[in-house]
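Below is one structure; the comments refer to it alone.
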Amino acid sequence: MATIQTQPNAAPVIQALRSIGYNAQTAIADIADNSVDAKAQYIHIEFEYEMGNGYIKIEDNGTGMTDAEIQQAMTFGSKDPREKRAKEELGRFGMGLKTASFSMGKRLCIITKKDGKISERCWDLDYVSDKNEWLLFTTIPNEIRNKIGQVEGNSGTIVFIDRLDRFCGFGTHKVLKKDSYYSKVKRIHRYLEMVFHVMLEKGLLITINGNALYPWNPFLQGNTRRIEGEEQMIKVNKKLVKITPYVLPHPSTFNQADYKHAGGVKGWRDQQGFYIYRENRMVSFGDWFGMFPKDVPSELVRIKIEFSNEADDDWKIDVKKSTISVPDEAREDLQSIAKFYRKISQEMMLYRTKATRTGEKIKGTLNTWELSTDDVNSSYILNRTHPVITEILKIVDSDARRKLNVYLKLVELGSPNNLLKTANMVKKEVQQIDEKSKKLIIDYAEVLFSTGIELDIDKVAETISMMAGFEGIEIHTIKTIIEKEVDIDVSSNT
Ligand SMILES: Nc1ncnc2c1ncn2[C@@H]1O[C@H](COP(=O)(O)OP(=O)(O)OP(=O)(O)O)[C@@H](O)[C@H]1O
Ligand SMILES: [Mg+2]
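Going by numbering that gives the first Met the number 0, the residue at position 370 of the sequence shown is 369; the numbering climbs one at a time, nothing skipped.
Shown next as structure tokens:
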């Protein structure tokens, strides 16, 4: 069949490539990946504001590139993504350097040195758009040579991005204010401390504007109170995946600063979940991938999952190295592992049960609370067979027993976990009362009426509306539910 050579138009393609969804954090991380791949011992990152007319510079002392190599590196699709990559290599698509840079600014200059020989190239998107051709400059513009500086030592690379329209509004009428600019830099700082924590722990030096990054380890390496679960290996499409679950210590064991730090960039509740690593670089964090809700009682669980770049296809790693999808083959295993450790977290959060040994089954007859039903629709009930309550119930008369049972029911309904769940639901859909909240309202009302204290509907509705978790529901809604669902005459007579 006949074919015809069809060259893509440079200008629109470049515009499209600028918009594949990087943010500043994932973009800088993708560029730093290249320095790691080039075996750099340090990566110095500089953000210069200059009233929005500044630049970003990423300098490393890695292997550097020859002239042929930098020419290749500046080409879109410099390597075939289907090629097998070296062990530990972070690159995959032959795109990152260009797409990440252009997601922030319009000009990308590179100076590199290998075996003492210097080479340079420069992409200027305004020029490319103007000519509508893929024209790469073989030298960098003189006016910025001073800012870029020189590669020190025998080898290394400087990546220099300026005309930062997307990063800070250069050339637009919405230039980022200086404060916002440096807040953004701060967020990048914290993000890199997280995604590169393994490399940082192994001695890689990364600095941002002269400040060294410190590894942020999600599993609180070195904390003797954490529970390290059993390491497990599973196979996905014949490739090994390593899973190491952790349950972090109860919040009360931290001082305030440590507690906040351990919460990470998104805070304790949002940082629970799976942490996925590809060749020691975190590519996804704090996510249950739709298997579970993120609730406070489970917030102590963080599960490490490691796969190698050979498995990129199975996990569908994207160009930005920031999203993956869990292979169907792994889902069930991950879910059951997570379920087990979530239960441990829930028990620790609610009863502060001490757990020291790995994988120890914590439940015992001395627990005051028990988890009822399955994990997704769990609620907590009091352990009515606890020896102390059994003893009391034995010696009191039937009236006192009835009152005590009413009180225990109230405690149960008001348990922080049961309320929290209700609170979350209420927040989502204010006047659309879900079945669970409705049931709680009915339960509360029935219990209140059954105390024998004289109460009318208005009083009961008002009391319930003031309870934690029901703030979002209007009194008349509660009243309607009680009127419809609670048999007041019968229950108040019992
Ligand atoms: N700092 C650097 N030091 C040495 N070589 C580099 C550096 N940055 C990029 N390169 C070279 O340029 C090539 C292209 O980089 P680019 O990030 O575009 O693609 P990649 O890393 O191969 O794959 P991916 O798109 O997944 O990042 C790299 O494969 C590497 O050979
Ligand atoms: Mg790369």
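Backbone N, C-alpha and C fix where the C-beta goes; we use that ideal spot for every residue, glycine too.
Item: Use the C-beta contact count for Val325: other C-beta atoms within 10 angstroms, 16 or more gives buried, fewer gives exposed.; Value: buried
Item: Grab me the residues of Lys86's own chain with a C-beta within less than 7 Å of its C-beta, minus the 5 sequence neighbours each way, in chain order.; Value: none
Item: Quick check: Asp36 and Ala99, are their CB atoms within less than 7 Å of each other?; Value: no
Item: Check each candidate in Gln149, Thr476, Arg106 and Ala211 and name the one with the smallest Cα separation from Leu163.; Value: Arg106
Item: Short of 6 Å in beta carbon distance, which residues of its chain neighbour Pro214, apart from the five on each side in sequence? Order them along the chain.; Value: His196, Leu199 and Glu200
Item: I think Ile380 touches Glu331, with their Cβ atoms under 8 Å apart; what is that distance to the nearest whole Å?; Value: About 28 Å; that fails the 8 Å criterion.
Item: Please report how far the alpha carbon of Glu23 lies from the alpha carbon of Lys78, in whole angstroms.; Value: Checking the sequence shown, residue 23 turns out to be Ala, not Glu. Rounded to whole angstroms, Ala23 to Lys78 spans 24 Å at the Cα level.
Item: Which residues mark the beginning and the end of the alpha helix (DSSP H) in which Tyr406 is found?; Value: Ser397 to Leu412
Item: Below 8 Å, how does it come out for the region 161–180 and the region 242–258: are there three or more Cβ pairs, yes or no?; Value: no
Item: Would you say the beta carbon of Asp114 comes nearer than 6 Å to a heavy atom of ligand 3?; Value: As presented, the structure is devoid of ligand 3, carrying ligand 1 and ligand 2 as its sole ligands.
Item: List the residues that DSSP assigns as beta-bridge partners of Thr243.; Value: Lys303
Item: Could you please give the first and the last residue of the uninterrupted beta strand (DSSP E) stretch that includes Gly262?; Value: Looking at the DSSP string, Gly262 is not in any beta strand (DSSP E); the run it does join, the alpha helix (DSSP H), is Gln255 to Gly262.
Item: At a threshold of 6 Å, does Gly90 count as lining ligand 1 (C-beta to nearest heavy atom)?; Value: yes
Item: Where do the N-terminal and C-terminal ends of the beta strand (DSSP E) with Trp122 fall, by residue?; Value: Lys116 to Asp123
Item: Using 8 Å as the cut-off, can you tell me whether the region 168–176 makes contact with the region 110–125, which would need three or more C-beta pairs spanning the two stretches below that distance?; Value: no
Item: Just tell me which of Pro296, Gln270 and Leu191 has its CA closest to the CA of Lys303.; Value: Gln270
Item: By how many angstroms is the C-alpha of Ser102 removed from the C-alpha of Ile143?; Value: 20 Å
Item: Can you have a look at Glu49 and say buried or exposed, based on whether 16 or more other CB atoms are within 10 angstroms of its CB?; Value: exposed
Item: Applying the 10 Å Cβ sphere with the 16-neighbour rule, what's the burial state of Lys97?; Value: buried
Item: Looking only at its own chain, which residues have a Cβ that is under 7 Å from the Cβ of Trp267, when we skip the five neighbours before and after it?; Value: Glu298
Item: Which residues bound the beta strand (DSSP E) around Ser283?; Value: Arg280 to Asp286
Item: Could you have a look at Gln14 and say whether DSSP puts it in helix, strand or coil?; Value: helix
Item: What are the residues that DSSP puts in a beta bridge with Ile207?; Value: Ile44 and Asn210
Item: Just tell me which of His385, Phe306 and Arg301 has its CA closest to the CA of Ser344.; Value: Arg301
Item: Just checking Ser530 against ligand 1 - is the residue's beta carbon closer than 6 Å to any of the ligand's heavy atoms?; Value: No information on residue 530 is available, as it lies outside the stretch 0 to 493 that the chain covers here.
Item: Helix, strand or coil for Ala422 per DSSP?; Value: Per-residue confidence for Ala422 stands at a pLDDT of 46, beneath the threshold of 50, marking its modelled position as unreliable; the derived number appears in the next sentence. Residue state, collapsed to three classes: helix.
Item: Comparing alpha-carbon positions, which option in Phe306, Thr243, Ser397 and Asp313 lies nearest Phe339?; Value: Thr243
Item: For Ile233, list the residues DSSP reports as bridge partners.; Value: Val240
Item: Taking only the alpha-carbon atoms, compute the straight-line gap between Met232 and Pro7 and give it to the nearest angstrom.; Value: 45 Å
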